[in-house]
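Enquirer: Supplied in structure tokens, the structure appears directly below.
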Amino acid sequence: MRQPSLSVTMLLGAGLLGTVWAAAQTADPTSAAAPWFEDVTHKAGIFYRHHPRQFDNPYASIMQGYARLGSAVAVADYDGDGFEDIFVTDSCSTCKNHLYHNNGNFTFTDVAEQAGVADGNDDDNASTAALWFDFNNDGKPDLLVVRFGHSILYENLGSGKFRDVTKSAGLDRYLNAIKAIAFDYDNDGYPDLFFGSYFQPIDIFHPSTPRFFPESFETANNGGGVTVFHNNRNGTFTEVTEHVGLLTTGWTLDLGHGDSNNDGFEDLYVANDFGTDRFFVNNGNGTFTDKTATAIGFDTKKGMNVDWGDYNNDGLLDIYVTNIYDDYMKECAMLWQNMGDGTFVDVSNEVGTCDTGWGWGAKFVDYDNDGWLDLYVMNGWVSGGKEDYVPDIFAMVTRPNVDLADARNWPPIGNKSLSGYERKRLFHNVGGVFREEAFRQGLDSLKDGRGIAVADFDNDGRLDLFVTNADDEANLYRNILPTGAHWLTLLLEGTKSNHFAIGAQVRLTAAGKTYLEYVNGGNGFAAQSTVRVHFGLGGVTKIDSLQVRWPSGLKQTFAGPDVDHLYKVVEGQTANTLTLWRPRS
Amino acid sequence: MNKWLPWLVSILVLAASAPSIGEVAAEAAFRQGMTAVQSNDFASGLHYLELAITDDPDNLRYASEYRQAIIRRKEFDRSIEFFEKLLISNPSSANLHLNYGFAYVDKIPVVGSITQVILANTALGEFTKAVDLQPTWIALYTRGESYLFWPRIFGKAPLGVADLERALVIQQKSTKKSYFARVYVALGDGYCKMDLPDKARSTWQEGLRQFPDNLELKDRLSLPMDDLLKHIENGFDPNKRVDTDLRAIWSEGQ
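Rendered as structure tokens:
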């Protein structure tokens, strides 16, 4: 793995750290004020609680420690009423998934049963994540329920109803999938589907062998890896994993896409537990090349999350990956600063985003609308009893010649804790360096956090957060930022490109600076955030211009719209000015 | 990890007696090895240093210089294999066990977090063998400090403190050396890890009385408690290279 080069260190040290860190230490004029987030979960009508899967097989007592997954969230405006709705997954065999329809007043109603999307769990399948994506480009987000087992694709029928089209779509495949994202890797106008799987595709509910655990803590290659389905543009998919060059066998926990080199094609970062992450560059011809060695180097960490964002406003997308950082395992999270030459440098230590605890989902989000992407990070594995599981694990790993792939060699966790009761991290970006402010802003829960969905649920220009927690209730945090910082939000609609314009980049120029945002197709562990593009503008009241680069390759420049509004941008529209977009009354 | 009275003792013993033919050959090989290493000829340098250690396995200086060259070349497995083989024919050399342990410690910063645990555990085992064979200042200090690197959850800090207290007793009966300050530093750190901050502070104060110029002791005594604990924990970060160079011992002794 590349360490910061002398020049980068000097840049950070002399340029950023010298001036900006001083600013970061300056007293915040609002520091005595109330937190900027309010937990409104119950007030909003959300009483969902996650229940881990209980396994019923010879290895159940061991798997129990590794089953605290599946508490996930995905956000989309599924009914097109202008308000973002929320889908959440549960995991126990009799538990239902939930579709919370946004009532438009920051309350929600669970309509999963009526919609036909509640049944995500049974004895042979466990929900692990969800993804909204418009597979048939009809403008209505469809829903993929990702599962250990057979994932389900629900087509959005447009009347508040969904139907299972998994088989006809060619997606009926057993995978121990834990993540899916959708983006148009070949820019043919339809979103393709990428699964990340943890275990290899064996029936983990009834395993026929005990040898299905990771063979190593640092170099495991017996996991589920990545599976890619190409969208055939007719409602069906074809598996193309090997053909596109993405055949991997890591213990994949998350996938994240972004255009690292601004060539108009989406690249892919794969976060793997128990071994190295992988970085694939899109060749622009429907294939990818593994550039791990030169771009990021090989690591031995426990990759949990990938998110992309331009944290330092240099016009290049950077990548944030969580790992495990605790008293017993000091694996910094990685903030991969994009150097613009095909390489990334991990600057997490230098900018203050290293210590996340046992990291899970993490999202770039400009929660204070100041034009700098902040980072909110989930953490905590098992918050159980007072006894700690770490010595049991260390006793196992120091045993000579232990066969880690054999589940029977792993100690049962019982009621012990492992990196439990951890305080969440909110890294506030102050000009390129970060200071931790979760407590200050009311976001420091002690639950075992998993996914974070970012969306503006009340369309007030302040980004809200929906957080899922393992074996616990979720948290819906309403952003009540009092600063009056300005903002701009865009909803992009592709015509030649895929309908929701996944992969589109938007560059906003104002006050002599250019900011980059893009539409992503589900980045972030156990979560999918809004597809809307949001810019925080701080004190800026005049936007000079907006440039949209569509996945089709079309570039359009628009006159600067008024701040503090939501606009719709249609690919190829002839008007130079943007149209205000309002939710249905 | 640091500094080493028994070697001084061995120097004195050596000075009082004529060197054997093996020792003369070892010293010649050592000098040849060091010359080669200094001119970046590591292939020859490491070879001659290995010859020197083979001829004089208990010699801490030879082994220390060898490991420093290994660190520069990042050939950590070579030194581990070398010491492992040499121990087969010299199982009762305490210093060899010590250096074998150090060879594992030298590798820790370049491996993954779980391998770090495995290496640290193996190193600790070797340090224990060294203590069992010869409970010298250096063996006790080394193992004591090594225990302190383990996360609190393992409860090894009291074991480390016990070793360091024994090392303190030994050094109090010996001629004062500047590196003895390290025991005060480490012992205070150990008390901190045992949540005995007052005892830590008084240990560092006593150390500072003995060694008024020691910056590590001054730093610890000047920090507020929260910063102090962070400072100490940062020092036990397995990703940072631990100083296993024993050079200070003979440079001060000579």
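Line by line, the protein sequences give chains A and B.
Position 455 (the first sequence) corresponds to 447 in the numbering used here; numbering is contiguous.
To convert a position in the second sequence, counted from 1, into the numbering used here, add 4.
Positions of the beta carbon are idealized from the N, C-alpha and C atoms, including for glycine.
Small disclaimer: the values here were computed from a predicted structure and weren't measured.
Give the secondary structure of residue 178 of chain B by DSSP, where H, G and I count as helix, E and B as strand, and everything else as coil.
Expert: Coil.
Enquirer: Using the Cα positions of residue 35 of chain B and residue 153 of chain B, report the straight-line distance between them to the nearest angstrom.
Expert: Going by the C-alpha atoms only, they are around 35 Å apart.
Enquirer: Relative to the alpha-carbon of residue 117 of chain B, which residue among A:317, A:549, A:453, A:475 has its alpha-carbon at the smallest distance?
Expert: The candidate whose alpha carbon is nearest that of residue 117 of chain B is A:317.
Enquirer: Return the first residue and the last residue of the beta strand (DSSP E) that residue 49 of chain A is part of.
Expert: Taken as a continuous stretch (DSSP letters only), residue 49 of chain A belongs to no beta strand (DSSP E), as it is neither H nor E.
Enquirer: Quick check on this structure: which residue in A:126, A:39, A:283 has the alpha carbon closest to the alpha carbon of residue 225 of chain A?
Expert: Selected option, being the one with the closest Cα: A:126.
Enquirer: Quick check on residue 2 of chain A - is its C-beta less than 9 Å from some C-beta in chain B?
Expert: Low local confidence applies: a pLDDT of 43 at residue 2 of chain A is under 50, so the model's placement there is unreliable, and no value is given.
Enquirer: Contact criterion: CB-CB distance below 9 Å. Does residue 242 of chain B meet it with respect to chain A?
Expert: Closer than 9 Å to some Cβ of chain A, the Cβ of residue 242 of chain B qualifies, so yes.
Enquirer: Whole angstroms are fine: how far does the CA of residue 425 of chain A sit from the CA of residue 116 of chain A?
Expert: About 46 Å.
Enquirer: My output table needs one value for residue 231 of chain A: the three-state DSSP class, helix, strand or coil.
Expert: Note: residue 231 of chain A maps to strand in three-state DSSP.
Enquirer: State yes or no: is the C-beta of residue 77 of chain B within less than 9 Å of the C-beta of residue 248 of chain B?
Expert: Taking 9 Å as the Cβ cut-off, residue 77 of chain B and residue 248 of chain B do not qualify as a contacting pair.
Enquirer: Rounded to whole angstroms, what is the Cα-Cα separation between residue 531 of chain A and residue 25 of chain A?
Expert: Answer to the nearest angstrom: the Cα atoms are 20 Å apart.
Enquirer: Kindly give me the distance between the Cβ atoms of residue 455 of chain A and residue 357 of chain A, rounded to whole angstroms, as I take these residues to be in contact under 8 Å.
Expert: With a Cβ gap of about 5 Å, residue 455 of chain A and residue 357 of chain A count as contacting.
Enquirer: Using DSSP bridges, identify the partner residues of residue 509 of chain A.
Expert: Residue 509 of chain A pairs with A:498.
Enquirer: Could you say which of A:565, A:382, A:352, A:380 lies nearest to residue 461 of chain A if we only look at CA atoms?
Expert: Ranking the options by Cα distance to residue 461 of chain A, first place goes to A:352.
Enquirer: Between the segment 361 to 391 of chain A and chain B, which residues of the former have CB atoms less than 7 Å from a CB of the latter, in chain order?
Expert: Those would be 380, 382, 383, 386, 389, 390, in chain order.
Enquirer: Quick check on the burial criterion: 16 or more other C-beta atoms within 10 angstroms. Buried or exposed for residue 182 of chain B?
Expert: Residue 182 of chain B comes out exposed.
Enquirer: Going by DSSP, name the residue or residues bridged to residue 250 of chain A.
Expert: Note: residue 250 of chain A sits in a beta bridge opposite A:259.
Enquirer: Measuring CA to CA, which of A:336, A:180, A:335, A:228 is closest to residue 488 of chain A?
Expert: The shortest Cα separation from residue 488 of chain A among A:336, A:180, A:335, A:228 belongs to A:180.
Enquirer: In the DSSP assignment, the alpha helix (DSSP H) including residue 167 of chain A goes from what residue to what residue?
Expert: Unbroken run through residue 167 of chain A is the beta strand (DSSP E), 166 to 175; no alpha helix (DSSP H).
Enquirer: Check whether the Cβ atoms of residue 419 of chain A and residue 338 of chain A lie closer than 9 Å to each other.
Expert: No.
Enquirer: At 7 Å on the CB atoms, spell out the chain A contacts of residue 119 of chain B, in chain order.
Expert: Here the neighbours are 210.
Enquirer: What are the residues of the segment 153 to 175 of chain B that lie near chain A, defined by any Cβ-Cβ distance shorter than 8 Å?
Expert: If the cut-off is 8 Å between Cβ atoms, the segment 153 to 175 of chain B has 155, 156, 157, 158 near chain A.
Enquirer: Taking beta-carbon pairs under 8 Å, can you tell me which members of the segment 420 to 454 of chain A lie near chain B?
Expert: Within the segment 420 to 454 of chain A, no residue qualifies.
Enquirer: Can you grab the Cα-Cα spacing for the pair residue 177 of chain B / residue 46 of chain B, in whole Å?
Expert: Each residue's Cα considered, the two are about 41 Å apart.
Enquirer: Which residues in chain A have a C-beta closer than 9 Å to the C-beta of residue 239 of chain B? List them in chain order.
Expert: The contacting residues do not exist; residue 239 of chain B stays about 12 Å from chain A at best.
Enquirer: Hey, does residue 116 of chain B have any beta-carbon neighbour from chain A nearer than 9 Å?
Expert: It does: the Cβ of residue 116 of chain B has a partner Cβ on chain A nearer than 9 Å.
Enquirer: Give the straight-line distance between the Cα atoms of residue 290 of chain A and residue 211 of chain A, rounded to the nearest whole angstrom.
Expert: Their Cα atoms are separated by approximately 10 Å.
Enquirer: In terms of residues, what are the limits of the alpha helix (DSSP H) holding residue 384 of chain A?
Expert: Unbroken alpha helix (DSSP H) run through residue 384 of chain A: 382 to 389.
Enquirer: Return helix, strand or coil for residue 443 of chain A, following the three-state DSSP convention.
Expert: Of the three classes helix, strand and coil, the one that applies to residue 443 of chain A here is strand, per DSSP.
Enquirer: Which word fits residue 431 of chain A, buried or exposed, when buried means at least 16 other C-beta atoms lie within 10 angstroms of its C-beta?
Expert: Under this definition residue 431 of chain A is an exposed residue.
Enquirer: Could you tell me which of A:104, A:166, A:328 sits nearest to residue 155 of chain A, measuring between CA atoms?
Expert: Closest option to residue 155 of chain A, Cα to Cα, is A:104.
Enquirer: Let's see if you can read the secondary structure: which residues bound the alpha helix (DSSP H) around residue 26 of chain A?
Expert: Where residue 26 of chain A is concerned, there is no enclosing alpha helix (DSSP H), given that its DSSP letter is neither H nor E.
Enquirer: Using a beta-carbon distance below 9 Å, is residue 122 of chain B in contact with chain C?
Expert: No chain C appears in this structure, whose protein chains are A and B.
Enquirer: Report buried or exposed for residue 551 of chain A, applying the criterion of at least 16 other Cβ atoms within 10 angstroms of its Cβ.
Expert: Exposed.
Enquirer: Given residue 2 of chain B, which residues of its chain have a CB within under 6 Å of its CB, disregarding the five upstream and five downstream residues?
Expert: Missing from the structure shown is residue 2 of chain B; chain B here goes from 5 to 258 and no further.
Enquirer: Among A:110, A:475, A:140, which one has its Cα closest to the Cα of residue 47 of chain A?
Expert: For the residues A:110, A:475, A:140, the minimum Cα distance to residue 47 of chain A belongs to A:140.
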